[in-house]
Ligand SMILES: [Zn+2]
């Protein structure tokens, strides 16, 4: 591999770099508890291996998306650092995808240079976030260097991954994830609890 683990991600502003570092700091200070891992296991129907921390929560406190380490169990490269876990959000994104919204977004992207630039920035910030995590946790990124998620930086392939980045990193980072979340607001909205599975309820 030619990618060096210590090599910083190119073309990212100091402010964006700082934002990523703060997110990783916060994730490391609030590592996933047993109760959080258990509720995510119920949401996904499988054990969330490599879960570092809850990345976003519903108003009720239930995880909506999690932050996963770059190398799971010390051997499985995992590029989807921001992972959507809310069943309501997953279903809403699947519905948008079934309606063909990914093609609409991809077309929009091809025609709009400003949108392309923000999407590139979202890709760079995703890489930076994962790079910080890799450095902090001592995980190798050699098999996923330069790879992010959801089709970034030029295509739109998975609205689950893109909306997860929006939830974890906040609005104004991933324009496609933000738009997808806006489109499903009637059925999924982090500030309106519709959780069938809730943290703290067994
Ligand atoms: Zn809720």
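In this note's numbering, the protein residues as written are 682 to 883. The beta carbon of each residue, even a glycine, is placed where N, CA and C say it ideally should be.
Tell me which residues share the same chain as residue i and place their Cβ nearer than 6 Å to its Cβ, disregarding the 5 neighbours each side in the sequence.
i	result
residue 813	701, 702 and 705
residue 667	Here the chain comprises residues numbered 682 to 883, so residue 667 is not present and cannot be evaluated.
residue 697	806
residue 783	837
residue 804	829, 833 and 834
Would the beta-carbon of residue i fall within 7 Å of that of residue j?
i	j	result
residue 815	residue 751	yes
residue 843	residue 831	yes
residue 746	residue 848	yes
residue 670	residue 878	In the structure as shown, the chain begins at 682 and stops at 883. Residue 670 is therefore absent and cannot be evaluated.
Please return the same chain residues whose Cβ sits closer than 8 Å to the Cβ of residue i, not counting the five positions on each side in sequence.
i	result
residue 822	684, 686, 751, 752, 758, 811, 812 and 815
Please list, in chain order, all residues of the same chain as residue i whose beta carbon is under 7 Å from its beta carbon, the five residues on each side excluded.
i	result
residue 666	This structure cannot speak to residue 666, because the chain is shown only from 682 to 883.
residue 852	859
Flag residue i as yes when its Cβ comes closer than 6 Å to any non-hydrogen atom of ligand 3, and as no otherwise.
i	result
residue 878	As presented, the structure is devoid of ligand 3, carrying ligand 1 as its sole ligands.
Can you tell me which residues fall inside 7 Å of ligand 1, judged by beta-carbon distance to its nearest heavy atom, and keep chain order?
739, 740, 741, 743, 874, 875, 876 and 879
Should the stretch 792-810 be regarded as contacting the stretch 850-867, the criterion being three or more beta carbon pairs within less than 8 Å?
yes
Does the stretch 868-877 come close enough to the stretch 728-743 to have 3 or more Cβ pairs within less than 8 Å?
yes
Let me know the beta strand (DSSP E) ranges lying completely inside the stretch 761-792, each 3 residues or longer, listed in chain order.
763-765
Please determine if the stretch 786-795 and the stretch 762-772 are in contact, where contact requires at least 3 C-beta pairs separated by less than 8 Å.
no
Could you tell me which whole alpha helix (DSSP H) segments of length 4 or greater appear in the stretch 689-756?
695-710 and 715-725
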